[in-house]
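The block underneath contains the structure these notes are about, expressed in structure tokens.
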Amino acid sequence: MSREKILAAVKQNKPAPVPLPEMLSFAYPVTDLTAAFTAAITKAGGATNIVKKGQPLTPAIKALFPDAQRIADFIEGDTTTNAALLQQPALLDVVVLKGQLGVAENGAIWVTDKDCVERVLPFITQHLVLVIDQPTLVGNMHQAYAVMGQQNPDYGVFIAGPSKTADIEQSLVIGAHGPRSMQVFIVEP
Amino acid sequence: MRVALFIPCYVDQFYPQVAIATLKLLQHLGLEVHYPMQQTCCGQPMANGGFEHLTHSCNSNFIKAFDGYDYIVSPSGSCVLHVKDHLHDHQQETKATQIRQRVYELCEFLTDIVQVQSIKASFPKKVALHQGCHGQRGLKLAASTETVVPWFSKPVQLLKMVEGLELVDLDRPDECCGFGGTFCVTEEAVSSAMGLSRIADYAKHDAHVVTGTDMSCLMHQEGLIKRRKLNMQILHISEVLAAGL
Amino acid sequence: MHTKPIPHAEAASAFLENKERVQWHDETLWFVRYKRDKIVNEIPEWEQLRDLASQIKDHTLSQLDQYLGQFEAAAIANGVTVHWAADAADHNRIVHSILAKHKAQKIVKSKSMLTEECHLNEYLETQGIEVVDTDLGERIVQLNKEMPSHIVLPAIHIKKEEVGEIFHQHLGTEKGASDPLYLALAAREHLRQKFLAADIAITGVNFAVAETGAIVVCTNEGNADLGAHLAKVHIACMGIEKLIPRTEHLSVFLRMLARNATGQNITAYSSHFRKPQPGSEMHIVIVDNGRTTQLGREAFRNSLKCIRCGACLNTCPVYRRSGGHSYHNATAGPIGAILAPNLDMRKNADLPFASTLCGSCTDVCPVKIDIHNQLYQWRQVLTQEGHVPAAKAAGMKVMAGVLASPARYSFAGKWARKLLRWFPSLALNKTFNPWAKQRDLPAPPKESFREWYQKNGGSK
Chain A
1 MSREKILAAV KQNKPAPVPL PEMLSFAYPV TDLTAAFTAA ITKAGGATNI VKKGQPLTPA
61 IKALFPDAQR IADFIEGDTT TNAALLQQPA LLDVVVLKGQ LGVAENGAIW VTDKDCVERV
121 LPFITQHLVL VIDQPTLVGN MHQAYAVMGQ QNPDYGVFIA GPSKTADIEQ SLVIGAHGPR
181 SMQVFIVEP
Chain B
190 MRVALFIPCY VDQFYPQVAI ATLKLLQHLG LEVHYPMQQT CCGQPMANGG FEHLTHSCNS
250 NFIKAFDGYD YIVSPSGSCV LHVKDHLHDH QQETKATQIR QRVYELCEFL TDIVQVQSIK
310 ASFPKKVALH QGCHGQRGLK LAASTETVVP WFSKPVQLLK MVEGLELVDL DRPDECCGFG
370 GTFCVTEEAV SSAMGLSRIA DYAKHDAHVV TGTDMSCLMH QEGLIKRRKL NMQILHISEV
430 LAAGL
Chain C
435 MHTKPIPHAE AASAFLENKE RVQWHDETLW FVRYKRDKIV NEIPEWEQLR DLASQIKDHT
495 LSQLDQYLGQ FEAAAIANGV TVHWAADAAD HNRIVHSILA KHKAQKIVKS KSMLTEECHL
555 NEYLETQGIE VVDTDLGERI VQLNKEMPSH IVLPAIHIKK EEVGEIFHQH LGTEKGASDP
615 LYLALAAREH LRQKFLAADI AITGVNFAVA ETGAIVVCTN EGNADLGAHL AKVHIACMGI
675 EKLIPRTEHL SVFLRMLARN ATGQNITAYS SHFRKPQPGS EMHIVIVDNG RTTQLGREAF
735 RNSLKCIRCG ACLNTCPVYR RSGGHSYHNA TAGPIGAILA PNLDMRKNAD LPFASTLCGS
795 CTDVCPVKID IHNQLYQWRQ VLTQEGHVPA AKAAGMKVMA GVLASPARYS FAGKWARKLL
855 RWFPSLALNK TFNPWAKQRD LPAPPKESFR EWYQKNGGSK
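Residue numbers (our numbering), protein chains in the order written: chain A, 1 to 189; chain B, 190 to 434; chain C, 435 to 894.
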């Protein structure tokens, strides 16, 4: 009954119709999207690594996390190991996932539930590695939604950097609840 | 061009020199300026206090005083904004509308209507400008730092014409001083704290003179300065622009 | 809740007694605004985005019933259970009924100003259920038995030494610790245990997309996601005003929200929840609690466009010097001062007067709410409804009489100046005259301008 009450009150109290504005497409003025993306994600506490297509990522990831014991790599790792690791996601050191696209203006990477295997993985891991193909980089959020706006995954998230907080005296602390670091591999064709 | 001088009540009573400077400045520019004796106050103190419904007779009196002039000019952004936003009279709304369209704050009148290119004033001192909020954000006398628009400032444009005047850059170029009408007494503690922040900013940048487009903001800050016996002089922008005329 | 709170001016005055803290509070929040200015100036189309955001919200409000219906239908089709709550009590009962159905004891909650507004935690406590707030700032104030003092920076009024003491008492950290890194990591360990053990996760909602039934939640810590993904049940609570028509509109709001809030390009996580996880439940509670009333108030309805970025708090010179608690309302600052009287005029009659009407809030607002004009309008409404002191009303009546007549005005002015000259101590009496507490009055001149003008005329 609250539903009917609320909808009736809205109907009665809403103003005269106002047209929906036409969406403007704002161009992104920068041409070097890789550099812009790198600058944005670095500002957000992350880092990028530029690699060539076909180049194996595992050695580079091992080098970045020399002490990591439990690495769930959903790009180059094997399924059996990953399945075993998923039994205790809270103990994961590193999770490697594929991202669908990157936004140069803010360093955000679009990841859906299909990409992250389990929704909690990009959040519960101590360190997150996202891999994106360089040609998927777009300029700004308008362009990002133009690409994936009709996709409507069950769950999707823009991830821009590691988990962070500034809730104690505005001092920035990286690694609030989620990943303490975020590495992005940009795969050039 | 018949220009009526609209002098805020507290300027009339406590800062006649500001009104005189404004009058002299306008006359110096060759304008025919009248001071209608019928005027009292724009009614802002009541309206901002929540008593706009009591301003009717004040509004009627304002219309009586200023009807028929080509321009109405005032050395106060705040009072002008109030008139522009709230002067209504259902018995003579056409006249009220005309007045709302013809009322100008002094600086915008000089830059936009008179379009002065030079001023003969000389004022060889380090000056800080306090941008009164109602003038700045309300009348758009200057770009506000919150918005992403090309920078402009009508008061600065004028002050730059004054010989020898050195305008200092402030850390917070357009923060409110805390006067706020009745706010200055009902929220005395916050009001004073805000004013003292402004004064600290002026002092940090070694300004010995503080000017602005609203004497009300300046009166509040002058009160704080005098109580602390600081070496800082307060002058309305009309006094600076008329210096040495 | 039902007693009259300490008036803003009084609470502000108390807050200002600790000069060092006020200065820190002011400068820290000013720095947030500075970072915001810097980053929005990197977007040349910023003002166009503001227009667009404002128009999208205006449009949505003008067809809110349709969009609510569309959203509900889409959400149900997505397998989400949708609940409707007319007011705070209704909302709390609904949330409690979901918890009760699942016999849930361990609840984690990420930031939601709506649940603060509804006092959900207090309600659930009376039902014997403890909710753990997982946003670090909210956890700090929760452990300290306080309300958030800022909608984005809940613990901005608390110094790190105090956080150290709170954590020492509740989390067993070292006594005297004040290093933010150490303290934040301690909270991380503490809250990870809570996430892993949680039965049910409650989150807020930043945006609700009508066409898809999806809700979007933005955090930097990742706490909304950790909670929602680890628990079997996700309850998302939202006000009816969170709706936007289409997914593509998110591009406008997500470009603005974090930039305007904290000076970041975007929050670390912008999560789009459309369907429950396989094997889990998802509930959305849609809440009115006065919003439809506000929608009917022409002068105030566009306050419902607010996206809770908190920029008007950061920029407000009064907020920075009076602290969030002085607003005695879940949402503090300028936006709180125009929302609160709608909920309870008597209780919140002081808030619209806690402003100089400087207009900075309006200029900083990403959805162009004319906040300072609404403060002015609330003053008129509150006065008309009899929520101002009788003495003030009487004084204003006298003033109106004097100012209506040039003769009475000249007479009064002349005598006021004479009295001040004869009895200067009158003007400096700090008891009768709050002006004089920290300020001198201008020296009364011998003659007013009109007297001078009458003598000297218009002559040059």
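Even glycine gets a Cβ: it sits at the ideal position worked out from N, Cα and C.
Return the chain-ordered ranges of every beta strand (DSSP E) run that is complete within the stretch 216-251 of chain B and spans a minimum of 3 residues. 221-223
If you measure beta-carbon to beta-carbon, which residues of the stretch 317-342 of chain B are closer than 7 angstroms to chain C? Cys-322, Arg-326, Gly-327, Ser-333, Thr-334, Glu-335, Thr-336, Val-337 and Val-338
Mind listing the chain C neighbours of Met-408 of chain B? Cutoff is C-beta to C-beta under 8 angstroms, in chain order. Position 219 of the second sequence, counting from 1, holds the residue named residue 408 of chain B. Residues of chain C whose Cβ lies closer than 8 angstroms to the Cβ of Met-408 of chain B are, in chain order, Pro-876.
Find out if the Cβ-Cβ distance for the pair Asp-722 of chain C, Ile-669 of chain C is shorter than 8 angstroms. Stepping through the third sequence from its first residue, residue 722 of chain C is reached at position 288. Stepping through the third sequence from its first residue, residue 669 of chain C is reached at position 235. In this structure, Ile-669 of chain C does not lie closer than 8 angstroms to Asp-722 of chain C by Cβ.
Quick one: using the 10 Å Cβ neighbour count with 16 as the cut-off for buried, is Ser-386 of chain B buried or exposed? Taking the second sequence and counting its residues from 1, one reaches residue 386 of chain B at position 197. By the neighbour-count rule (16 or more Cβ atoms within 10 Å), Ser-386 of chain B is buried.
Contacts around Leu-615 of chain C, its chain only, beta-carbon distance under 8 angstroms, and the 5 residues preceding and following it disregarded: Numbered from 1 along the third sequence, position 181 holds the residue referred to as residue 615 of chain C. Closer than 8 angstroms at Cβ, skipping near neighbours: no residue.
Could you name the residues of chain C that Lys-98 of chain A contacts, counting a contact when the two beta carbons are closer than 8 angstroms? Start at 1 with the first residue of the first sequence, and residue 98 of chain A comes out as number 98. Residues of chain C with a Cβ closer than 8 angstroms to the Cβ of Lys-98 of chain A do not exist, since the nearest Cβ in that chain sits about 18 angstroms away.
According to DSSP, simplified to helix, strand and coil, what is Arg-191 of chain B? Numbered from 1 along the second sequence, position 2 holds the residue referred to as residue 191 of chain B. For Arg-191 of chain B, the three-state secondary structure derived from DSSP is strand.
Curious, which full-length beta strand (DSSP E) runs of at least 3 residues does the stretch 133-167 of chain A contain? 155-159
Using DSSP bridges, identify the partner residues of Asp-403 of chain B. In the second sequence, the residue the question calls residue 403 of chain B occupies position 214. For Asp-403 of chain B, which the question treats as bridged, DSSP gives the partners B:Ser-265.
CB-CB length for Ala-774 of chain C against Ala-788 of chain C, believed under 8 angstroms: On the third sequence, residue 774 of chain C is found 340 positions in, with the first residue counted as 1. On the third sequence, residue 788 of chain C is found 354 positions in, with the first residue counted as 1. Their Cβ separation, rounded to whole angstroms, is 11 angstroms, which puts Ala-774 of chain C and Ala-788 of chain C out of contact at 8 angstroms.
Proximity to Arg-180 of chain A [Cα-Cα], best of A:Val-147, A:Val-157 and A:Gln-126: As a position in the first sequence, residue 180 of chain A is number 180, starting the count at 1. It is A:Gln-126 whose Cα lies nearest to the Cα of Arg-180 of chain A.
Residues that DSSP places opposite Phe-641 of chain C in a beta bridge: If you number the third sequence from 1, residue 641 of chain C lands on position 207. According to DSSP, Phe-641 of chain C bridges with C:Val-650.
Does any residue of chain C bring its CB to less than 8 angstroms from the CB of Ile-124 of chain A? In the first sequence, the residue the question calls residue 124 of chain A occupies position 124. True, the Cβ-Cβ gap to chain C drops below 8 angstroms.
Mapping the DSSP letters down to three states, classify Gln-698 of chain C as helix, strand or coil. Working through the third sequence from its first residue, we reach residue 698 of chain C at position 264. Residue state, collapsed to three classes: coil.
Which residues, in order along the stretch 68-93 of chain A, keep a beta-carbon less than 8 angstroms from a beta-carbon of chain C? Ala-90
From this set, C:Lys-594, C:Ile-590, C:Leu-498 and C:Lys-666, which residue's C-alpha is nearest Lys-540 of chain C's C-alpha? Sequence index remark: in the third sequence, residue 540 of chain C carries index 106 (1-based). Checking every option, the nearest Cα to that of Lys-540 of chain C belongs to C:Lys-666.
In terms of alpha-carbon separation, which member of B:Val-192, B:Arg-191 and B:Ile-196 lies closest to Arg-884 of chain C? Along the third sequence, read from residue 1 onward, the residue named residue 884 of chain C stands at position 450. Answer by Cα proximity: B:Ile-196.
Name the DSSP bridge partner or partners of Asn-49 of chain A? Start at 1 with the first residue of the first sequence, and residue 49 of chain A comes out as number 49. According to DSSP, which records beta bridges pairwise, Asn-49 of chain A is partnered with A:Phe-185.
Any C-beta of chain A sitting closer than 8 angstroms to the C-beta of Ser-893 of chain C? Counting from one through the third sequence, the residue named residue 893 of chain C turns up at place 459. Unreliable positioning characterises Ser-893 of chain C in this predicted model, as indicated by a pLDDT of 49, which lies under 50. A coordinate reading is not provided.
Sort A:Asp-167, A:Gln-183, A:Ser-171 and A:Gly-156 by Cα distance to Leu-64 of chain A and report the nearest one. The residue given as residue 64 of chain A occupies position 64 in the first sequence. Ranking the options by Cα distance to Leu-64 of chain A, first place goes to A:Gln-183.
Residues that Tyr-204 of chain B contacts on chain C, provided the C-beta gap is smaller than 9 angstroms: Taking the second sequence and counting its residues from 1, the one referred to as residue 204 of chain B is at position 15. Within 9 angstroms Cβ-Cβ: Pro-876, Pro-879 and Phe-883.
For chain C, check one thing: does any of its Cβ atoms lie closer than 8 angstroms to the Cβ of Tyr-224 of chain B? Position 35 of the second sequence, counted from the first residue, corresponds to residue 224 of chain B. With 8 angstroms as the cut-off, Tyr-224 of chain B counts as an interface residue toward chain C.
Look at Trp-464 of chain C and Arg-754 of chain C and say whether their C-beta atoms are less than 8 angstroms apart. If you number the third sequence from 1, residue 464 of chain C lands on position 30. If you number the third sequence from 1, residue 754 of chain C lands on position 320. Closer than 8 angstroms, so yes.
Please return the same chain residues whose Cβ sits closer than 6 angstroms to the Cβ of Val-597 of chain C, not counting the five positions on each side in sequence. Start at 1 with the first residue of the third sequence, and residue 597 of chain C comes out as number 163. Answer for Val-597 of chain C: Ile-574 and Leu-617, listed in chain order.
Report the start-end ranges of each beta strand (DSSP E) in the stretch 483-566 of chain C that is 3 residues or longer and not cut off at the edges. Listed in chain order, they are 515-519 and 540-543.
Near Gly-757 of chain C, what residues of its chain come up, given a Cβ to Cβ distance below 7 angstroms and the 5 sequence neighbours on each side ignored? Translated into positions along the third sequence, residue 757 of chain C becomes position 323. Cβ neighbours of Gly-757 of chain C beyond the five flanking positions: Phe-449, His-459, Ser-583 and His-591.
Within-8 angstroms CB hit, Ser-704 of chain C to chain A: Position 270 of the third sequence holds residue 704 of chain C. At a cut-off of 8 angstroms between beta-carbon atoms, Ser-704 of chain C makes contact with chain A.
Residues of chain B with CB under 9 angstroms from Asn-475 of chain C, in chain order? For the purposes of this step, residue 475 of chain C is identified with residue 41 of the third sequence, where counting begins at 1. Those are Val-337, listed as they occur along chain B.
My understanding is that Glu-188 of chain A touches Val-51 of chain A, with C-beta atoms under 8 angstroms, so please give their C-beta distance in whole angstroms. On the first sequence, residue 188 of chain A is found 188 positions in, with the first residue counted as 1. On the first sequence, residue 51 of chain A is found 51 positions in, with the first residue counted as 1. Their Cβ separation, rounded to whole angstroms, is 7 angstroms, which keeps Glu-188 of chain A and Val-51 of chain A in contact under 8 angstroms.
Can you tell me whether Asn-863 of chain C is buried or exposed, with buried defined as 16 or more other CB within 10 angstroms of its CB? On the third sequence, position 429 is the one that residue 863 of chain C refers to. Classification of Asn-863 of chain C: exposed, given that the 10 Å Cβ count is below 16.
CA-to-CA distance, Ala-166 of chain A to Lys-848 of chain C, given in whole angstroms: Sequence index remark: in the third sequence, residue 848 of chain C carries index 414 (1-based). Sequence index remark: in the first sequence, residue 166 of chain A carries index 166 (1-based). If I take the Cα positions, the gap works out to 57 angstroms.
Under 7 angstroms between beta-carbons, which chain C residues line up against Thr-165 of chain A? List them in chain order, please. Stepping through the first sequence from its first residue, residue 165 of chain A is reached at position 165. At a C-beta separation below 7 angstroms, Thr-165 of chain A has these neighbours in chain C: Leu-570, Ala-618, Asn-654 and Glu-655.
With the cut-off set at 8 angstroms, would you say Gly-178 of chain A and Gly-107 of chain A are in Cβ contact? Residue mapping note: residue 178 of chain A aligns to position 178 of the first sequence, counting from 1. Residue mapping note: residue 107 of chain A aligns to position 107 of the first sequence, counting from 1. No. Outside cutoff.
What is the residue span of the beta strand (DSSP E) that Met-350 of chain B lies within? In the second sequence, residue 350 of chain B corresponds to position 161, counting from 1. That residue, Met-350 of chain B, is in no beta strand (DSSP E); it is neither H nor E in DSSP.
Three-state secondary structure (DSSP) of Leu-809 of chain C: The count along the third sequence starts at 1 and reaches residue 809 of chain C at position 375. It is helical.
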